[in-house]
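Have a look at the structure below, then the notes.
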Amino acid sequence: MDFVLIQFLTGLSSASALFLIASGLTVIFGVTRIVNFAHGSFYMLGAYLAWTIVRAFWDWGGREPYLFVAGVIVAAIVVSLIGVAMEMTLLRRIYRAPELFQLLATFGVVLIIQDATLAIWGPEDLPLPRPPWLRGFIEIAGSRFPRYDLILAVIGPVVLGLLWLLFHRTRFGVLVRAATQDREMVAALGVDQRKLFSGVFFLGSALAGLGGALVLPSQSANLQMDLSIIAEAFVVVVVGGMGSVPGAFLASLLIAEVQAFGIVLLPKITLVLVFLVMAAVLMVRPYGLLGKPQAHARAQSGMVEPVLRPAPPILAWAGIAALALAASTPFWAGAYALTVLVELAVFVLFAASLHLMMGPGGVVSFGHAAYFGLGAYGAALGLRYLALPMEAGLVMAPLFAGLFGVVFGVFVVRLSGVYLAMLTLAFAQIVWAAAFQWVDITGGDNGILGVWPSAWATNKSVYLWLSLALCIGATMLLRRFVFSPFGYGLRAARDSELRAEAIGLDTARLRLVAFTIAAAAAGLAGGVYAYAKGSVFPTYISIPKSVDALLMVLLGGVQTVTGPIVGAIAYHGLFVGILQTTQYWRAALGLSIVLLVLAFPLGIAGFARARWERAKGLEAA
Amino acid sequence: MLTVTGLNAFYGRAHILHDVSLEARAGEVLVLLGRNGAGKSTTMKSIIGLVRPAQGSSITFDGVEMAGRQPHEIARAGLGYVPEERRIFTDLTVMENLAVGRQPPRDGLAPWTPERLFAIFPNLGRMQDRPGGRMSGGEQQMLTIARTLMGNPRLILLDEPSEGLAPVIVEQMADAIAKLKAEGLAVVLSEQNLHFAARVADAAVIIEKGAVRWQGTLPALENEPEVKAQYLSV
Numbered sequence: 154m155d156f157v158l159i160q161f162l163t164g165l166s167s168a169s170a171l172f173l174i175a176s177g178l179t180v181i182f183g184v185t186r187i188v189n190f191a192h193g194s195f196y197m198l199g200a201y202l203a204w205t206i207v208r209a210f211w212d213w214g215g216r217e218p219y220l221f222v223a224g225v226i227v228a229a230i231v232v233s234l235i236g237v238a239m240e241m242t243l244l245r246r247i248y249r250a251p252e253l254f255q256l257l258a259t260f261g262v263v264l265i266i267q268d269a270t271l272a273i274w275g276p277e278d279l280p281l282p283r284p285p286w287l288r289g290f291i292e293i294a295g296s297r298f299p300r301y302d303l304i305l306a307v308i309g310p311v312v313l314g315l316l317w318l319l320f321h322r323t324r325f326g327v328l329v330r331a332a333t334q335d336r337e338m339v340a341a342l343g344v345d346q347r348k349l350f351s352g353v354f355f356l357g358s359a360l361a362g363l364g365g366a367l368v369l370p371s372q373s374a375n376l377q378m379d380l381s382i383i384a385e386a387f388v389v390v391v392v393g394g395m396g397s398v399p400g401a402f403l404a405s406l407l408i409a410e411v412q413a414f415g416i417v418l419l420p421k422i423t424l425v426l427v428f429l430v431m432a433a434v435l436m437v438r439p440y441g442l443l444g445k446p447q448a449h450a451r452a453q454s455g456m457v458e459p460v461l462r463p464a465p466p467i468l469a470w471a472g473i474a475a476l477a478l479a480a481s482t483p484f485w486a487g488a489y490a491l492t493v494l495v496e497l498a499v500f501v502l503f504a505a506s507l508h509l510m511m512g513p514g515g516v517v518s519f520g521h522a523a524y525f526g527l528g529a530y531g532a533a534l535g536l537r538y539l540a541l542p543m544e545a546g547l548v549m550a551p552l553f554a555g556l557f558g559v560v561f562g563v564f565v566v567r568l569s570g571v572y573l574a575m576l577t578l579a580f581a582q583i584v585w586a587a588a589f590q591w592v593d594i595t596g597g598d599n600g601i602l603g604v605w606p607s608a609w610a611t612n613k614s615v616y617l618w619l620s621l622a623l624c625i626g627a628t629m630l631l632r633r634f635v636f637s638p639f640g641y642g643l644r645a646a647r648d649s650e651l652r653a654e655a656i657g658l659d660t661a662r663l664r665l666v667a668f669t670i671a672a673a674a675a676g677l678a679g680g681v682y683a684y685a686k687g688s689v690f691p692t693y694i695s696i697p698k699s700v701d702a703l704l705m706v707l708l709g710g711v712q713t714v715t716g717p718i719v720g721a722i723a724y725h726g727l728f729v730g731i732l733q734t735t736q737y738w739r740a741a742l743g744l745s746i747v748l749l750v751l752a753f754p755l756g757i758a759g760f761a762r763a764r765w766e767r768a769k770g771l772e773a774a
Numbered sequence: 040m041l042t043v044t045g046l047n048a049f050y051g052r053a054h055i056l057h058d059v060s061l062e063a064r065a066g067e068v069l070v071l072l073g074r075n076g077a078g079k080s081t082t083m084k085s086i087i088g089l090v091r092p093a094q095g096s097s098i099t100f101d102g103v104e105m106a107g108r109q110p111h112e113i114a115r116a117g118l119g120y121v122p123e124e125r126r127i128f129t130d131l132t133v134m135e136n137l138a139v140g141r142q143p144p145r146d147g148l149a150p151w152t153p154e155r156l157f158a159i160f161p162n163l164g165r166m167q168d169r170p171g172g173r174m175s176g177g178e179q180q181m182l183t184i185a186r187t188l189m190g191n192p193r194l195i196l197l198d199e200p201s202e203g204l205a206p207v208i209v210e211q212m213a214d215a216i217a218k219l220k221a222e223g224l225a226v227v228l229s230e231q232n233l234h235f236a237a238r239v240a241d242a243a244v245i246i247e248k249g250a251v252r253w254q255g256t257l258p259a260l261e262n263e264p265e266v267k268a269q270y271l272s273v
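Chains as they are written, first to last, in my numbering: chain A, 154 to 774; chain B, 40 to 273.
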């Protein structure tokens, strides 16, 4: 019984920190509709800034509790100003861009902040030297419980109360609630959205910074804080209902308690457990515990998906020429170029498979790396347990990924929008957690080594040709799907679900088929990649890998079929180029992403097509 | 007071409004008549800035150009907008809905307060703390108008205020519009229901396929059975 109480209290204290972060994220999303990836970075900055500021205060006035509080508050305010700066300089320019572009831009900020933090504070974990009053314990039911954790446990409900007052007793709060439901109407009533948005970013970032500063004494400031917390915060926001602060509170409690008890009862699957809870909640309540269906932001700009057209002959010839050039590299380029080209072929297929779902399917997958990884692991596990040769492994890869695609897809295609994206993320995290934690089968963090091609394909040139044949062949097959009756049906289901249903299309099934095909194609890419590298690791399934895929598709332009191909090449080129030249490649990559989003809100191929069409006078009136 | 000249608007590439021109005078009720999809709502959304007017369109309000401005700037200039779908904030109470619409008083106009609005819309006064989501359609319609009035507009755009309401409520709505006119507000409303329009309006503009087909006073329209038959009968 004591054990239950202690675990419960532990859960409460981590729920508080989680709530601070998630409430900020949910308020920002509710009003601005921006899924702010950089929110986790603000949390991390809160911890680092508190480390510097609190210590400065202590050096100056003794290690008093009130100086700690003052330091935490100053840190939170500095973070909130950084948040407002990001809103005013970057996001304000792209509020009308597609959701994913905004996401991409905030991910660029994540990368920049990561390197900035590394440059300022260095790579070491930074613990706060704790004075006795921060270290004490309290006797509860015969067990010692950290006093600071108890304080944290109280802070969550207190902040919830303060937020409630803010949202019900101030004009700003009422405007925020109104804008969460219908920001366009709020603007038509004379409210300046820009001020409201900046205000919301101030509040949300302050909460993230506060959360980071407050966990500093019990953890330490480190460079992994940002992405590890953002995944959890997304889960909390989605489980609670996007835009709902009370929902975020309930969900924080639920998730934190699941973790607190899970770590004792089922230590091997805590990560899986959290995401299973999320998947279960979304099955029963698709909009989260206290969420409401999003009022569709219609009349925004009357954006209509442009019609996809087969490539004009000139583009087709350019493609064939590029392919021929790639296939001829063994005769004129070195081994390194061959390695890069194999990766390029893999990523082209990876991006094209995601595009099938995002573009024609209208289903934005946030966890596409799951299927890439499943393909890679399918091949590797086949080798390890069934001694399958490469030929069979490359069949196994798409099968394995496709199989999981069907299972996950059944759940995914029932949802839409951000919730759908979050559910795909959850499934990806389940797969990642299984690969990471289930050491006996998957080798955990050490991965599976020795996944080499069959003897005839070990030659680098031969493997390049094989990769090109498989990846480019599969990519062309995906293109065929887009321009087949199946593709037409898929696009009809995206553009008007009701009308598509009315003419007899089973839209859910169409999407499921597309999801499965996309998963299998990503799996093939993963398989080819596994044999190219000779090994598989859980990082193949990680969030950054999924973001890579999104970046490639969005860079190229989701509204064209050629886009993802161009995007994969541009992204990988950028990546390799930057990686070789600078120590701060993350910041450089992040900055490139931000600038590209600002310069090409339609993606590179979309931009090129708009230019091309304008030149041909296709632009109506 | 409000002069629209050569207004063109697009949804994506679809050309919705073709050179719409109209004029609303102070103290008058102007009605935009036309069938479903004729372009009445788009005209209103273009005036308030929710749909961006194309280059070359001109929308002047008291001589000041509004085309191309942000919705909140246009609203603050004194143009109130009441949308067709009501779009009240369902999670907010009646009083909170009104608070969202509140703007500073305007010279020469008695500022609207909840008390003054409850005198015109007595139902609202009886449910001040009720969430907007738990009100009837008629009550919600009253609330949207009251909410917009809180911004102290000098001209109010009413998009199909009688749509989907019970006949008794439609009567109340007509009374309310008459009271607003008596307060000195200019009103532009869109309607498909000619009988309702005839009760409240002074002048009419008929829109069909995104273009103005006829305009004049209401008595003049009564004498044009062919116009009515061509553009308004179902």
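Beta carbons are placed, not taken as given, at the ideal position from N, Cα and C, and that holds for glycine. Here the structure is a predicted model, which means the values were calculated and not measured.
Legend entry - Where A:His725 falls, given that 16 or more other Cβ within 10 Å makes a residue buried: Here residue 725 of chain A is taken as the residue at index 572 of the first sequence, counted from 1. For A:His725, the number of other beta carbons within 10 angstroms of its own is at least 16, and it is reported as buried.
Legend entry - Contact set between A:Glu337 and chain B, taken where Cβ atoms lie within less than 7 Å: Along the first sequence, one-based indexing puts residue 337 of chain A at 184. Chain-order list of chain B residues neighbouring A:Glu337: Leu89, by C-beta distance under 7 Å.
Legend entry - Within 7 Å of chain B by C-beta, residues of the region 392–425 of chain A in sequence order: So the list is empty, because no residue satisfies the distance condition.
Inset, instruction - Use the C-beta contact count for B:Ala158: other C-beta atoms within 10 angstroms, 16 or more gives buried, fewer gives exposed. - result: Working through the second sequence from its first residue, we reach residue 158 of chain B at position 119. Taking a 10 Å sphere around the C-beta of B:Ala158, we find fewer than 16 other C-beta atoms and assign the residue as exposed.
Inset, instruction - Verify whether the separation of the beta carbon atoms of A:Val327 and B:Leu131 is less than 8 Å. - result: Position 174 of the first sequence, counting from 1, holds the residue named residue 327 of chain A. Position 92 of the second sequence, counting from 1, holds the residue named residue 131 of chain B. For A:Val327 and B:Leu131, yes; Cβs fall inside 8 Å.
Legend entry - Cutoff 8 Å: A:Gly515 Cβ touching any chain B Cβ: Numbered from its first residue, the first sequence carries residue 515 of chain A at position 362. Taking Cβ atoms only, chain B never reaches closer than 8 Å to A:Gly515, which makes this a no.
Inset, instruction - Can you tell me which of the three DSSP states B:Glu265 falls into? - result: Here residue 265 of chain B refers to the residue found at position 226 of the second sequence. It is helical.
Inset, instruction - Mind listing the chain A neighbours of B:Leu131? Cutoff is C-beta to C-beta under 7 Å, in chain order. - result: Numbered from 1 along the second sequence, position 92 holds the residue referred to as residue 131 of chain B. Listed along chain A, the residues sitting closer than 7 Å to B:Leu131 by beta-carbon distance are Val327, Arg330 and Ala331.
Legend entry - 8 Å Cβ shell around A:Thr669 - same chain, five flanking residues per side excluded: Within the first sequence, the letter at position 516 stands for residue 669 of chain A. Residues of the same chain with a CB within less than 8 Å of the CB of A:Thr669, apart from the 5 flanking positions on each side, are Gly555, Gly558, Val559 and Gly562 in chain order.
Legend entry - Through-space distance from B:Arg193 to B:Gly117, alpha-carbon basis: Reading the second sequence from its first residue, position 78 is the one you call residue 117 of chain B. Reading the second sequence from its first residue, position 154 is the one you call residue 193 of chain B. Using only the alpha carbons, I get a separation of about 5 Å.
Legend entry - Chain-ordered neighbours of A:Gln334 on chain B, where CB pairs are closer than 7 Å: Against the first sequence, residue 334 of chain A aligns to sequence position 181. Phe128, Thr129 and Asp130, listed in chain order.
Inset, instruction - Mind checking which residues open and close the beta strand (DSSP E) that includes A:Pro299? - result: The residue you call residue 299 of chain A lines up with position 146 of the first sequence. Annotation: the continuous beta strand (DSSP E) that includes A:Pro299 extends over Ser296 to Pro299.
Inset, instruction - Identify every residue that forms a DSSP beta bridge with B:Pro92. - result: If you number the second sequence from 1, residue 92 of chain B lands on position 53. Bridge partners of B:Pro92 according to DSSP: B:Ala48.
Inset, instruction - Check whether the Cβ atoms of B:Ser229 and B:Met83 lie closer than 8 Å to each other. - result: In the second sequence, residue 229 of chain B corresponds to position 190, counting from 1. In the second sequence, residue 83 of chain B corresponds to position 44, counting from 1. Yes, Cβ-Cβ distance for B:Ser229 and B:Met83 is below 8 Å.
Inset, instruction - Answer with buried or exposed for A:Trp274, where buried requires no fewer than 16 other C-beta atoms within 10 angstroms of its C-beta. - result: On the first sequence, position 121 is the one that residue 274 of chain A refers to. By the C-beta density criterion, A:Trp274 is buried, having at least 16 other C-beta atoms within 10 angstroms.
Legend entry - Under 8 Å between C-beta atoms of A:Gly603 and A:Pro691: Position 450 of the first sequence holds residue 603 of chain A. Position 538 of the first sequence holds residue 691 of chain A. The beta carbons of A:Gly603 and A:Pro691 sit no closer together than 8 Å.
Inset, instruction - Could you round the C-beta distance between B:Ala65 and B:Ala225 to whole angstroms and report it? I think they count as a contact, below 8 Å. - result: Against the second sequence, residue 65 of chain B aligns to sequence position 26. Against the second sequence, residue 225 of chain B aligns to sequence position 186. At roughly 5 Å, the Cβ-Cβ gap stays under 8 Å, so B:Ala65 and B:Ala225 are in contact.
Inset, instruction - For A:Val434, I'd like the list of residues in its chain whose CB is within less than 6 Å of its CB, leaving aside the five on either flank, ordered along the chain. - result: Here residue 434 of chain A refers to the residue found at position 281 of the first sequence. Apart from the 5 residues on each side of it in sequence, A:Val434 sits with its Cβ closer than 6 Å to the Cβ of Val392 in its chain, given in chain order.
Inset, instruction - Specify the secondary structure class of A:Phe172 as computed by DSSP and reduced to three states. - result: For the purposes of this step, residue 172 of chain A is identified with residue 19 of the first sequence, where counting begins at 1. A:Phe172 falls in the helix class under three-state DSSP.
Legend entry - Beta bridge counterpart(s) of A:Gln412 as assigned by DSSP: By one-based count along the first sequence, residue 412 of chain A stands at place 259. Answer is none; A:Gln412 lacks a bridge partner.
Legend entry - Straight-line gap, A:Gln334 to A:Ala721 (C-alpha atoms, nearest Å): Translated into positions along the first sequence, residue 334 of chain A becomes position 181. Translated into positions along the first sequence, residue 721 of chain A becomes position 568. Approximately 37 Å between the Cα atoms of the pair.
Legend entry - Separation of B:Arg252 from B:Glu261, as counted between CA atoms: Counting from one through the second sequence, the residue named residue 261 of chain B turns up at place 222. Counting from one through the second sequence, the residue named residue 252 of chain B turns up at place 213. When only Cα atoms are considered, B:Glu261 and B:Arg252 end up about 16 Å apart.
Legend entry - Contact with chain A by B:Ala225, beta-carbon distance below 8 Å: For the purposes of this step, residue 225 of chain B is identified with residue 186 of the second sequence, where counting begins at 1. No, B:Ala225 lies away from the interface with chain A (no Cβ there is under 8 Å from its Cβ).
Legend entry - Closer than 8 Å to chain A by CB, B:Arg155: Taking the second sequence and counting its residues from 1, the one referred to as residue 155 of chain B is at position 116. Not an interface residue.
Inset, instruction - Return the first residue and the last residue of the beta strand (DSSP E) that B:Glu230 is part of. - result: The residue labelled residue 230 of chain B in the question sits at position 191 within the second sequence. B:Glu230: member of the beta strand (DSSP E) spanning Ala225 to Glu230, first to last residue.
Inset, instruction - Name, going along the chain, the residues of the region 51–70 of chain B whose beta-carbon falls closer than 7 Å to a beta-carbon of chain A. - result: Legend: CB atoms of the region 51–70 of chain B lying less than 7 Å from CB atoms of chain A belong to residues Gly51, Arg52 and His54.
Inset, instruction - Give a yes or no on contact between the region 621–628 of chain A and the region 501–508 of chain A, applying the rule of three or more CB pairs nearer than 8 Å. - result: They touch, by the three-pair rule.
Legend entry - Contact check, A:Gly441 vs A:Ser699, beta carbons under 8 Å: Locating residue 441 of chain A in the first sequence gives position 288, where the first residue counts as 1. Locating residue 699 of chain A in the first sequence gives position 546, where the first residue counts as 1. It is not a contact, given that the beta carbons lie outside the stated cut-off.
Inset, instruction - Please report how far the alpha carbon of B:Glu178 lies from the alpha carbon of B:Leu233, in whole angstroms. - result: Taking the first residue of the second sequence as position 1, residue 178 of chain B is located at position 139. Taking the first residue of the second sequence as position 1, residue 233 of chain B is located at position 194. Answer to the nearest angstrom: the Cα atoms are 23 Å apart.
Inset, instruction - Taking A:Pro345 as the query, report the chain B residues whose CB atoms sit under 9 Å from its CB, ordered along the chain. - result: On the first sequence, residue 345 of chain A is found 192 positions in, with the first residue counted as 1. Looking at the sequence itself, residue 345 of chain A is Asp, so the reference to Pro does not match. Neighbours of A:Asp345 on chain B, chain order: Gln109, His111, Glu112 and Arg115.
Legend entry - Where A:Ala488 sits in the DSSP three-state scheme: Residue numbering aside, residue 488 of chain A sits at position 335 when the first sequence is read from its first letter. Here A:Ala488 sits in helix by DSSP.
Legend entry - Contacts that B:Glu178 makes with chain A (C-beta to C-beta distance below 8 Å): Within the second sequence, the letter at position 139 stands for residue 178 of chain B. Near B:Glu178 there are no residues of chain A at all, since even the closest Cβ is about 17 Å away, more than 8 Å.
Legend entry - Test item: CB-CB of A:Ala655 and A:Ala646 under 8 Å: By 1-based counting over the first sequence, the position of residue 655 of chain A is 502. By 1-based counting over the first sequence, the position of residue 646 of chain A is 493. Going by C-beta atoms, A:Ala655 is not nearer than 8 Å to A:Ala646.
Inset, instruction - To the nearest angstrom, report how far apart A:Val548 and A:Leu677 are at their CA atoms. - result: The residue you call residue 548 of chain A lines up with position 395 of the first sequence. The residue you call residue 677 of chain A lines up with position 524 of the first sequence. A:Val548 and A:Leu677 have their C-alpha atoms spaced approximately 8 Å apart.
Legend entry - Where B:Thr187 meets chain E, residues with beta-carbon distance less than 8 Å: Here the protein chains are A and B, and chain E is not one of them.
Inset, instruction - Name the two residues that bound the continuous beta strand (DSSP E) containing B:Gln254. - result: Start at 1 with the first residue of the second sequence, and residue 254 of chain B comes out as number 215. From DSSP, the beta strand (DSSP E) with B:Gln254 extends over Ala250 to Thr256.
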